[in-house]
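Residue numbers (the working numbering), protein chains in the order written: chain A, 1419 to 1652; chain B, 1419 to 1652. Quick reminder that beta carbons are idealized off the backbone N, C-alpha and C, glycines included.
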DNA sequence: CGCGCTCTTGATCAGGTTCAACATTAGTGG
DNA sequence: CCACTAATGTTGAACCTGATCAAGAGCGCG
């Protein structure tokens, strides 16, 4: 039911090229080096809902999103799902299984038709030796993720659901756009999971924030931020 | 009030040596290389309660614990403290400010008299180029930390306080010891903060677990685990 | 020895979950 | 293109976990 589609695995040179040249961990290198990297990278495509990998699986590849997006989530002992993060174009996952030679502890699922590039442990290891700057890029990304994740964890225990929702909305604001309208990139269900609550509570809190004149719901996925400062101050 | 003690900054070659040769990210290298590393590493000592760094500070060093331990914690907007992790000997911190050239977002405080080694960004960068294996070690450590932190975050939202406390206790069990007695390495207050609750609730839940015959409190910091399986099954 | 901690226990309270019913939207096939 | 169905989102009411406040007990330390 969640079978991979590997059809264009060796037929999308352009996709592979797009992958390596647009990815933060590679794009500081010049064309010659990108060519070399391209040779060791594989492309794969996944339909909406397909799993790139699942918990308990071993794997020795780093997966980089080329086009589309991946939901990274965990399942608790009781089967409750926790949305950990959404990977967008240029971001990578699979580092735990790759660097620590262990199993995945989360699930990666395509949210929309998604193209990824994958690089094996041995290939990556060679690249890291040839181009130490790649390692630095990955270190940057991983340390930023540790930080994000620790902040998220701290918010779960120190802030109210209302506060978490409010800051989530404000964070969606595009700094270099005049508009104060944000588009929710997640379903209410995923949004609820991400901020650590239920869809019912998200619904109620959005209503409350609207009654407080802090936001205005334009459509189901569009929200106008009326008072950014007050939202953060809650 | 939280002033650093740099007295033995250049007087403890032995400490520095201990540092580099015992640290996971370096200890796979041979003696010659360790000597080279030792040259670019600084030693510092902190008294109990002193801060190695604080949020909002910039810094360009990676801090590795040599002896003692560091509490890494965050402060929420409302001033609530969240214990993120405890660094023990051989572990490092400061990677966010170091790799991303930004400010710290957490605090690092000595829990006991603590000796650390520090290495600057430029020195580390040179080392990473000379010894790519160091980068791999750090990648391993950081990806493991991303994983731990995401798991911790997921637990906050998917498990009850009782479950989090129970798994915390079981995790303290030493696998290669016959004993089923664990020693709490944290004060009740820190323990409460770490698992995302209050000291009062910790007290009550421990009492409940004892009434369920799953644990037995030996002393204030020693607990006997009577039924590991049932604790994890809660 | 007594002062100031941390820890414990009790009582109350509130935020958020759960369950259930209803509304709305999106997706599917005639 | 509309109708139908399934999934998602909303609202209400009851319940429950865990936080808060307050008071007392134990403990270490000067």
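- Along the stretch 1574-1591 of chain A, going in chain order, the ones with a CB nearer than 7 Å to a CB of chain B are 1574, 1575, 1576, 1577.
- Taking CB atoms only, residue 1634/A has no neighbour in chain B less than 8 Å away.
- Within chain A, the residues whose beta carbon sits less than 7 Å from that of residue 1547/B are 1550, listed in sequence order.
- At a Cβ-Cβ threshold of 8 Å, residue 1635/B and residue 1624/B count as neighbours.
- Within the stretch 1509-1527 of chain A, those residues whose Cβ lies closer than 8 Å to any Cβ of chain B are, in chain order, 1513, 1514, 1516, 1517, 1518, 1523, 1524.
- If you draw a 10 Å sphere on the C-beta of residue 1475/B, you find fewer than 16 other C-beta atoms in it, and that means exposed.
- Take the alpha-carbon of residue 1509/A and the one of residue 1611/B: they are about 32 Å apart.
- The Cβ of residue 1568/A sits closer than 8 Å to at least one Cβ of chain B.
- For residue 1474/A, the secondary structure class from DSSP, reduced to helix, strand or coil, is coil.
- Distances from the CA of residue 1462/B to each of 1626/B, 1519/B, 1631/B, 1482/B were compared; the closest alpha carbon is that of 1482/B.
- Residue 1601/B counts as exposed, since fewer than 16 other C-beta atoms from the protein chains shown sit within 10 angstroms of its C-beta.
- Residue environment: residue 1522/A is assigned as buried (16 or more neighbouring CB atoms within 10 Å of its CB, all protein chains considered).
- For the pair of segments examined, the stretch 1489-1505 of chain B was found to touch the stretch 1567-1575 of chain A: the number of CB pairs separated by less than 8 Å reaches three.
- Fully contained in the stretch 1584-1631 of chain A are the following alpha helix (DSSP H) runs of length 4 or more, in chain order: 1606-1613, 1617-1629.
- A Cβ of chain A is located within less than 8 Å of the beta carbon of residue 1500/B.
- Every beta strand (DSSP E) stretch that sits fully inside the stretch 1518-1549 of chain B and reaches 3 residues is listed by chain position as 1525-1528, 1532-1538.
- For residue 1464/B, the enclosing beta strand (DSSP E) stretches over residues 1459-1464.
- Identification of chain B residues near residue 1556/A by a Cβ-Cβ cut-off of 7 Å yields 1557, ordered along the chain.
- With at least 16 other beta carbons inside 10 angstroms of its own, residue 1614/A counts as buried.
- Pairing residue 1466/A with residue 1528/A gives a Cβ-Cβ distance under 8 Å.
- Closer than 8 Å to the CB of residue 1553/B there is at least one CB belonging to chain A.
- Counting of Cβ neighbours within 10 angstroms places residue 1597/B among the exposed residues, the total staying below 16.
- The three-state secondary structure of residue 1443/B, taken from DSSP, is coil.
- Cβ neighbours of residue 1507/B within its own chain (closer than 8 Å, five residues either side excluded): 1440, 1483, 1484, 1485, 1486, 1487.
- Within chain A, 1572, 1576, 1577 have C-beta atoms less than 7 Å from the C-beta of residue 1494/B, given in sequence order.
- Take residue 1556/A, set aside five residues on each side of it, and the residues of its chain with a beta-carbon closer than 7 Å to its own are 1443, in chain order.
- Beta bridge pairing from DSSP links residue 1633/A with 1643/A.
- By the neighbour-count criterion, in which 16 or more other beta carbons inside 10 Å mark a residue as buried, residue 1500/B falls on the buried side.
- Looking at the DSSP output, residue 1485/B sits in a beta bridge with 1533/B.
- Under the 8 Å criterion on CB atoms, residue 1563/A is classed as interfacial with respect to chain B.
- Residue 1644/B has its alpha-carbon roughly 15 Å from the corresponding atom of residue 1593/B.
- By the criterion of a C-beta distance shorter than 7 Å, residue 1609/A is surrounded in its chain by 1602, 1620, once the five residues flanking it on both sides are discounted.
- Residue-level contact check: residue 1560/A touches chain B, since one or more beta carbons of chain B fall below 8 Å from its beta carbon.
- Shown here for residue 1514/B: same chain residues with a beta carbon closer than 7 Å to its own, the five before and five after excluded, namely 1520, 1522, 1523 in chain order.
- Around the beta carbon of residue 1631/A, fewer than 16 other beta carbons sit within 10 angstroms, so the residue counts as exposed.
- Between residue 1479/A and residue 1537/A, the C-beta gap is smaller than 8 Å, which places the two residues in contact.
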